[in-house]
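Protein chains: 4
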Amino acid sequence: MRHKDDNKSEAIFQATIQLLNEIGFSDISMSKIAKRANVSPSTIYVYFENKEDMLKKLYLNVKEKMSLKMLHGINETTPIQAGFELIMSNLKDFVLDNKDYFLFLEQFTNSPLIARMCLDESIGFFRTLHEFVQKGQQQQLLKQVDANLLLMYCYYPVTQMAKEHFKGAVVFNQEKLKEITQMSWDAIQA
Amino acid sequence: MRHKDDNKSEAIFQATIQLLNEIGFSDISMSKIAKRANVSPSTIYVYFENKEDMLKKLYLNVKEKMSLKMLHGINETTPIQAGFELIMSNLKDFVLDNKDYFLFLEQFTNSPLIARMCLDESIGFFRTLHEFVQKGQQQQLLKQVDANLLLMYCYYPVTQMAKEHFKGAVVFNQEKLKEITQMSWDAIQA
Amino acid sequence: MRHKDDNKSEAIFQATIQLLNEIGFSDISMSKIAKRANVSPSTIYVYFENKEDMLKKLYLNVKEKMSLKMLHGINETTPIQAGFELIMSNLKDFVLDNKDYFLFLEQFTNSPLIARMCLDESIGFFRTLHEFVQKGQQQQLLKQVDANLLLMYCYYPVTQMAKEHFKGAVVFNQEKLKEITQMSWDAIQA
Amino acid sequence: MRHKDDNKSEAIFQATIQLLNEIGFSDISMSKIAKRANVSPSTIYVYFENKEDMLKKLYLNVKEKMSLKMLHGINETTPIQAGFELIMSNLKDFVLDNKDYFLFLEQFTNSPLIARMCLDESIGFFRTLHEFVQKGQQQQLLKQVDANLLLMYCYYPVTQMAKEHFKGAVVFNQEKLKEITQMSWDAIQA
DNA sequence: AATGAATGAGAATTCATTCAT
DNA sequence: GATGAATGAATTCTCATTCAT
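Protein chains in written order, with the UniProt record's numbering: chain U, 1 to 190; chain V, 1 to 190; chain D, 1 to 190; chain R, 1 to 190.
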């Protein structure tokens, strides 16, 4: 028998993400993906049960990539403010370096697919982030509000700024990062 | 008084939004929309050129609804901070009262369709908002950063909180609104 | 709107029966049927929900045709033996005149589809036949055994002889009919 | 002692028959058969040339099984009537003990596959049966009609009764066998 | 204006079979 | 001998759209 080829499954992932960002959920099809990935449509079904299964696995795969990157360098000893700055900086780097991954996640997150697929967010990654926020609240450094709310003020400024950057409206450089880091810190600090 | 036409076109809009939020872009079809709207598929083509035209008009229609609501009560004499609070409050009301409209907008905004359709955002509504922000900056009340950035800090906290609310994770009440209004004001004030 | 065309649905039926008898259940496909019927594959779905629905309706349609033919000329006053002879003669006529219909029924009856489709046989036609048999039993003309068993001795000799006829092994003429009518009567009479 | 090969090929046969009776010719596939037989799809091609070859061999295999069973205990010295009774009894035993084999044969026999595969029936088994019938005709014990016709009156009552039995409509016991043996003998005797 | 009929193009998926080990 | 990977061809069925009324 032949050996299963990791490249194939990766090629399928890449093709899917590219097409999703080019033409969107409404217009991708298994055969377009196959063509872009240089495999036969039926080959996709060697690696995945069906379209939904493939998208699900792709989502989890990319989500994990982003999560790992965001938490890079964070541990129990990281001071709160420095940690927040690092997370936002990591996020910026990930988003700018992986435009396709990021836009895919945004699109997927806002589609009803995600609910249908029962993709629970309370997985590893989020636990770590929440613990970090809670530590900040215990130290009276952060406002005593819902943890998700505090995280929101880190995530959206970065991602929306990145979107403006992609549109060409602004350049998301170090200076801009500093600006929003300051603004977000103003928002969340006690 | 509306005449027949408007009812049909409105029924088509409603059906589309409902289905989009139930099954997503990848699975809606003209015939499903027609069935839900209790019209014949061909009737849709009496009112719209094609699918894309229909979605475009729907988007603009809903976007305008939200815009009008957000700016309700704002004029040249509105003080800056009170204005921001009102905008966030208006947005909260719109989103909670019009879950379907809102989720549709979020889904649409994150899809590549919006780019393909050349839907320029610099339309009336945004000009008004930008002018409001610029006035705040001239009065030294707001940070001297990109206007979009300041607006981001108003928009996302409200909408993300609403999403949590829809998920059942929190209750988006007056108190929560106060919290995020304070946080956002901390973020954007000079 | 256009007017639905009975010819179309009949053409689809005819094409299906022909192909079924030429290549069998394992090899028919909706597109082959469409091609033979000179319609587009999608047109079939205007008239039938899906393949199974089409086959089901076709079966019931043909079954009814055969039933009506078999009972032609039979009523409450028909004497038992003459009635049996008529039924067998009717059956012979139907089978020889409608080879395709008949072979389709035989094929269908022996496939698991029929069970899956919940096609209950206790419909009108069979009731009439059973009543006829029961009358014969009350008159002590027929053996006191299961009614189906008596009917079997009418049905199979005719149909199997017809199959031999189609194969070219024998000629199913009036004489042969007389032979088997006599044999079957010998079998079932009290 | 069988060696590995026979087990696999037997497992493939069994899987095919089961699936054929469960879902029918139109829905079996080599991969479904492989899955049911716990082998790889490609393994089937070690034993058989292709799908048609496999079905053909399966048919001949099962047909021979039934033939041998039917003729069990019959030889040149067997008296005619006793022989007929024995054949019908053997057939009943085979059918009731091997429901799957039997239903498979019925399905196969009524499909056009059998014609396409050029499966000539005048093989060993049938010769023996025909010789038996001819002997009966020479002894003036049986009606002077086509031999197949006489055999028909043995075969169908048993098999149709068995089908009723499988449906749960009747219980095909010794008594019922006696009934139909009598009826069939009435039909065929001179 | 409104619509059911009709369809070519294309959707997701499975097929029988072969390949490479 | 045995098999999982791989695939072109074919499957059922739906799509966006147009036609005829």
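Where is the CB? At the ideal position from N, CA and C, for every residue including glycine.
Beta carbon proximity, residue i to chain V, threshold 8 Å
i: residue 50(U); result: no
i: residue 86(U); result: no
i: residue 187(U); result: yes
Residue i versus residue j: straight-line alpha-carbon distance, rounded
i: residue 20(V); j: residue 92(V); result: 22 Å
i: residue 164(U); j: residue 36(D); result: 57 Å
i: residue 79(R); j: residue 84(D); result: 33 Å
i: residue 173(R); j: residue 10(D); result: 45 Å
i: residue 188(D); j: residue 175(D); result: 20 Å
i: residue 133(D); j: residue 18(R); result: 36 Å
i: residue 60(R); j: residue 30(U); result: 42 Å
i: residue 128(R); j: residue 153(R); result: 17 Å
i: residue 130(D); j: residue 140(R); result: 36 Å
i: residue 16(D); j: residue 38(D); result: 12 Å
i: residue 77(R); j: residue 179(D); result: 29 Å
i: residue 64(D); j: residue 13(D); result: 14 Å
i: residue 8(U); j: residue 190(U); result: 50 Å
i: residue 75(R); j: residue 146(D); result: 33 Å
i: residue 115(U); j: residue 151(D); result: 59 Å
i: residue 171(U); j: residue 42(D); result: 52 Å
i: residue 70(U); j: residue 86(U); result: 8 Å
i: residue 181(U); j: residue 183(V); result: 14 Å
Cβ-heavy atom distance, residue i to the ligand ATP, below 7 Å
i: residue 66(D); result: With respect to the ligand ATP, the structure offers nothing, as it holds no ligand at all.
Whole-Å CB distance - residue i paired with residue j, under 8 Å assumed
i: residue 113(V); j: residue 24(U); result: 5 Å
i: residue 191(D); j: residue 95(D); result: The requested residue 191(D) is not part of the displayed model; chain D covers only 1 to 190.
i: residue 72(U); j: residue 90(U); result: 5 Å
i: residue 52(R); j: residue 117(R); result: 7 Å
i: residue 66(R); j: residue 101(R); result: 7 Å
i: residue 156(V); j: residue 160(U); result: 7 Å
CB contact below 8 Å: residue i versus chain R
i: residue 25(D); result: yes
i: residue 31(D); result: no
i: residue 184(D); result: yes
i: residue 112(D); result: yes
Any C-beta of chain D under 8 Å from that of residue i
i: residue 18(R); result: no
i: residue 21(R); result: yes
i: residue 44(R); result: no
i: residue 2(R); result: Low confidence applies to residue 2(R): its pLDDT is 42, below 50, so where it sits in the model is not reliable enough to give any reading.
i: residue 13(R); result: no
Beta-carbon proximity check, residue i vs residue j, cutoff 8 Å
i: residue 88(U); j: residue 142(U); result: no
i: residue 62(U); j: residue 126(U); result: no
i: residue 33(D); j: residue 44(D); result: yes
i: residue 99(V); j: residue 166(V); result: yes
i: residue 185(V); j: residue 81(V); result: yes
i: residue 137(R); j: residue 144(R); result: yes
i: residue 110(D); j: residue 110(R); result: yes
i: residue 26(D); j: residue 40(R); result: no
Members of the region 120–149 of chain U near chain V, C-beta cut-off 8 Å: Within the region 120–149 of chain U, the residues whose Cβ lies closer than 8 Å to some Cβ of chain V are 143, 145, 146, 148 and 149, listed in chain order.
Chain D contacts made by the region 169–182 of chain R, where a contact means CB separation under 7 Å: Those would be 170, 179 and 180, in chain order.
Residues in the region 92–110 of chain V having any Cβ partner in chain U nearer than 7 Å: Within the region 92–110 of chain V, the qualifying residues are 106, 107 and 110.
Contact residues within the region 152–170 of chain U, judged by C-beta distance below 8 Å to chain V: Against chain V - using a Cβ distance shorter than 8 Å - the residues of the region 152–170 of chain U are 152, 153, 156, 157, 160, 161, 164, 169 and 170.
Where the region 57–84 of chain U meets chain V: residues whose CB sits under 9 Å from a CB there: Within the region 57–84 of chain U, no residue has a Cβ that lies closer than 9 Å to any Cβ of chain V.
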